[in-house]
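Letter by letter, the sequence shown follows residues 1 to 318 of full-length UniProt numbering.
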Amino acid sequence: SFLCRMTMDASCMELALEGERLCKAGDCRAGVSFFESAVQVGTEDLKTLSAIYSQLGNAYFYLQEYEKALEYHRHDLTLARTLSDRLGEAKASGNLGNTLKVLGKFDEAIVCCQRHLDISRELADKVGEARALYNLGNVYHAKGKHAGRNSQHDPGDFPEDVKASLQKATEFYEANLTIVKELGDRAAQGRACGNLGNTHYLLGNFSRAIMFHEERLAIAKEFGDKAAERRAYSNLGNAHIFLGEFETAAEYYKKTLQIATQLGDRAIEAQACYSLGNTYTLLRDYEKAVEYHLRHLQIAQDLGDRLGLLRFLLTMVN
1 SFLCRMTMDA
11 SCMELALEGE
21 RLCKAGDCRA
31 GVSFFESAVQ
41 VGTEDLKTLS
51 AIYSQLGNAY
61 FYLQEYEKAL
71 EYHRHDLTLA
81 RTLSDRLGEA
91 KASGNLGNTL
101 KVLGKFDEAI
111 VCCQRHLDIS
121 RELADKVGEA
131 RALYNLGNVY
141 HAKGKHAGRN
151 SQHDPGDFPE
161 DVKASLQKAT
171 EFYEANLTIV
181 KELGDRAAQG
191 RACGNLGNTH
201 YLLGNFSRAI
211 MFHEERLAIA
221 KEFGDKAAER
231 RAYSNLGNAH
241 IFLGEFETAA
251 EYYKKTLQIA
261 TQLGDRAIEA
271 QACYSLGNTY
281 TLLRDYEKAV
291 EYHLRHLQIA
301 QDLGDRLGLL
311 RFLLTMVN
């Protein structure tokens, strides 16, 4: 019987390792079937089982099968508690929080992320604490955007409940930024600054948004991260529009356009042309406005973008 258990544990482990290898190689669908087989073979080592549940949860999350992800992260949490594994409980809680957020269950997500935060602090785990703070910021940001999704409001004009959620998001992002600065994690600082910029923009704090997006831009350049650099330029353009600084906005949109062209991202190129068309209309430079709107139209036609064509026609009518 001892030998049987040893054999069972070994084959469970082999299947799990193959599942992990496949997921790392980008074939999560095949990885999942190996993890599922490992669970069916079974093991008496609950730590191993907990790790398999966690990986299954992550793999299903990646495959956008969120209900399945939830199920396995819950199993993982239960096991971590059975084992009195505080670090495991913290991680499982964080994974549950992220999954619940995607499912739009924001209040449940907050409870899980808060537990992740509390345990990380109790264990003096700075990396875990930073991650939990970031996740809490994301949940409140998503909750605010979700609540305000049906109302056509300009940034800064959202209802109070939306503003309250966004305000909470900035507090968690700020706390996250403080820790990742201490840890010297530049990539995480970039993410926090980008999110702070976006959240302050929605709150109508345009000058603060600009400050954070400029920092985001600097970090994106350090890493040679062209996609993040492009997003920062676009966000800077948007914020300057609301401050009435149209010339500056146009410069940022041109940089957005330049990178979108470099990256061969036609949809973003169209979006940048549309923004430039609108900006030059605000500057009463109608010749340039028409030039960019026509360029937007051309790309929209190439992409078969019906919404883009409609936008163009509405712009021309106005």
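Ideal Cβ placement from N, Cα and C applies to all residues, glycine included.
Following the DSSP letters along the chain, one finds residue 271 inside the alpha helix (DSSP H) bounded by residues 266-282.
Around residue 80, the same chain offers 50, 88, 89, 92 as residues with beta carbons nearer than 7 angstroms, after the five sequence neighbours per side are excluded. If you look at residue 138, you'll find it in the alpha helix (DSSP H) that goes 126-147.
Between residue 173 and residue 202, the CB-CB gap reaches or exceeds 8 angstroms. Residue 187 sits in a helix when the DSSP states are folded into three classes. Exposure of residue 153 is indicated by the presence of fewer than 16 other C-beta atoms within 10 angstroms of its C-beta.
Linking residue 100 to residue 43 through their CA atoms gives a straight-line distance of about 29 angstroms. Annotation for residue 217: the continuous alpha helix (DSSP H) segment containing it runs 206-223. Taking a contact as a CB-CB distance under 8 angstroms, the pair residue 162 and residue 144 counts as one, their CB atoms being some 5 angstroms apart. Around the Cβ of residue 271, a 10 Å sphere holds 16 or more other Cβ atoms; the residue is buried. Membership of residue 45 in any alpha helix (DSSP H) is not indicated, and neither H nor E is assigned to it by DSSP. Of 286, 261, 136, the smallest CA-CA separation from residue 299 is found for 261.
Secondary structure at residue 245: coil, using DSSP grouped into helix, strand and coil. Across the structure, residue 108 and residue 181 are spaced so that their CA atoms are roughly 29 angstroms apart. Pairing residue 119 with residue 125, the inter-Cα distance amounts to about 8 angstroms. The DSSP-derived three-state label of residue 153 is coil. With a cutoff of 8 angstroms on beta-carbon distance, residue 276 and residue 292 are scored as near each other. The residue among 142, 234, 16 with its C-alpha nearest the C-alpha of residue 59 is 16. Counting every other CB atom within 10 Å of its CB across the protein chains shown gives residue 287 a total below 16, marking it as exposed. Here residue 96 is near residue 74, since their CB atoms are less than 8 angstroms apart. In this structure, residue 200 sits away from residue 236, with a CB-CB distance that is not shorter than 8 angstroms. Per DSSP, reduced to three states, the secondary structure at residue 83 is coil, with no helix or strand assignment. The three-state secondary structure of residue 166, taken from DSSP, is helix.
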